[in-house]
Amino acid sequence: MIHKNIKLFAVGLGLLWSGFTLAANADLTNKSDRLSYAMGAKTGESFRTHGITVNVQAFAQGLQDALNGNKVQMSSEQIDQELRDFARTASSQYQAKMQQDAQKNQQIGNAFLDANKKRPGVSTTSSGLQYKVLTPGTGPKPSQSDTVTVDYEGRLLDGKVFDSSYERGKPASFPVNAVIMGWQEALQLMPVGSTWEIYIPPNLAYGQQGAGGVIGPNQTLVFKVHLIKTQPGNSNPVNQNQNGKTQAQ
Numbered sequence: 239m240i241h242k243n244i245k246l247f248a249v250g251l252g253l254l255w256s257g258f259t260l261a262a263n264a265d266l267t268n269k270s271d272r273l274s275y276a277m278g279a280k281t282g283e284s285f286r287t288h289g290i291t292v293n294v295q296a297f298a299q300g301l302q303d304a305l306n307g308n309k310v311q312m313s314s315e316q317i318d319q320e321l322r323d324f325a326r327t328a329s330s331q332y333q334a335k336m337q338q339d340a341q342k343n344q345q346i347g348n349a350f351l352d353a354n355k356k357r358p359g360v361s362t363t364s365s366g367l368q369y370k371v372l373t374p375g376t377g378p379k380p381s382q383s384d385t386v387t388v389d390y391e392g393r394l395l396d397g398k399v400f401d402s403s404y405e406r407g408k409p410a411s412f413p414v415n416a417v418i419m420g421w422q423e424a425l426q427l428m429p430v431g432s433t434w435e436i437y438i439p440p441n442l443a444y445g446q447q448g449a450g451g452v453i454g455p456n457q458t459l460v461f462k463v464h465l466i467k468t469q470p471g472n473s474n475p476v477n478q479n480q481n482g483k484t485q486a487q
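Under our numbering, the residues of the sequence shown are numbered 239 to 487, in order.
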């Protein structure tokens, strides 16, 4: 249970910050000072990003008392209760925001896909996957048990690129059945040598959970994919995320 509370507290630290101004520039002439400042800056950035409101003076006093071994001004029970209350509130706020974002992203995605399917050259499969052939290929099509090598770029509907083998300068290789369902379906339709743009609805991508803090809940994704080669058989999946799917896809 304590680990669960710590996890919820971490989630909370990552939701409430009322930024503050230093009285003077910190002295960063030695490594200890630089590390201390870096830790403070990172914590502050996390607070600000997630909207956490703290009393900076009280925060610093609690930190200083604990570091120096001084008597803290609250009992252990009071501290634990405050953190539990905060974790509970933060978790509730996080879930509410995720639900709100999921609904908004679903509406945006549906509108995009409804318009996109009417565009010249765009095909829609029975699952709802959409694709457009940019460059046709003449090679074999992969099976679900094959391993493929591809170049790809993934972006959100606002055009933000969240992953790109082109930028890394190295194609990616992975088993077809190790990636999200939208990729699995598209790859098995693509001849080697072809380049497609694929449009993946959230139920064929990362769903309501999103991925990696970059892909939000229920976001529709767009990928440019160049299928370089396919090999029979299935090697061990690499670069897996928590869902057991390669993070790039």
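Ideal Cβ positions, reconstructed from N, Cα and C, are used throughout, including at glycine.
Next item on the list: Could you tell me which uninterrupted alpha helix (DSSP H) segments, each at least 4 residues in length, are contained entirely in the segment 322-386, listed from first to last along the chain?
Entry: none
Note to self: Can you list, in chain order, the residues of its chain with a C-beta nearer than 7 Å to that of L266? Leave out the 5 residues immediately preceding and following it.
What the structure shows: R272 and Y275
Next item on the list: Using 10 angstroms around the beta-carbon of L372, count the other beta-carbons present and answer buried if the total reaches 16, otherwise exposed.
Entry: exposed
Next item on the list: Drop a sphere of 10 angstroms on the beta-carbon of T194, count the other beta-carbons inside from all chains shown, and report buried for 16 or more, exposed for fewer.
Entry: Lying before the first or after the last residue shown, residue 194 is absent from the chain, which here runs from 239 to 487.
Item checked: Contact set for E320: own chain, Cβ-Cβ below 8 Å, skip 5 residues either direction -> M312
Check: Taking the alpha-carbon positions, what's the V430 to I436 distance?
Finding: 15 Å
Margin query: For P455, tell me which candidate among A325, R393 and M336 has the shortest Cα-Cα distance.
Written below: M336
Margin query: Considering only their Cβ atoms, is the gap separating V360 from F400 smaller than 8 Å?
Written below: no
Item checked: Selected residue, minimal CA-CA separation from T362, among K280, G420 and K342 -> G420
Note to self: Counting beta carbon pairs with one atom in the segment 400-420 and one in the segment 321-333, are three or more of them shorter than 8 Å?
What the structure shows: no
Note to self: If contacts are defined as beta-carbon pairs under 8 Å, then E423 and S365 qualify, I think. What distance do you get, rounded to the angstrom?
What the structure shows: 6 Å
Notebook entry, point to check: So, helix, strand or coil for S314, using DSSP?
Noted result: helix
Notebook entry, point to check: Of the residues Q295, L395 and L425, which one's Cα is nearest the Cα of H464?
Noted result: L425
Margin query: Using CA atoms only, rank isn't needed, just tell me which of R322, D339, P470 and Q368 is closest to A353.
Written below: Q368
Next item on the list: Could you tell me whether the Cβ atoms of L395 and T458 are closer together than 8 Å?
Entry: yes
Notebook entry, point to check: In whole angstroms, what is the alpha-carbon distance linking T433 and P470?
Noted result: 20 Å
Check: Can you name, in chain order, every residue of its own chain whose Cβ lies under 8 Å from the Cβ of Q302, other than the five neighbours on each side?
Finding: N308
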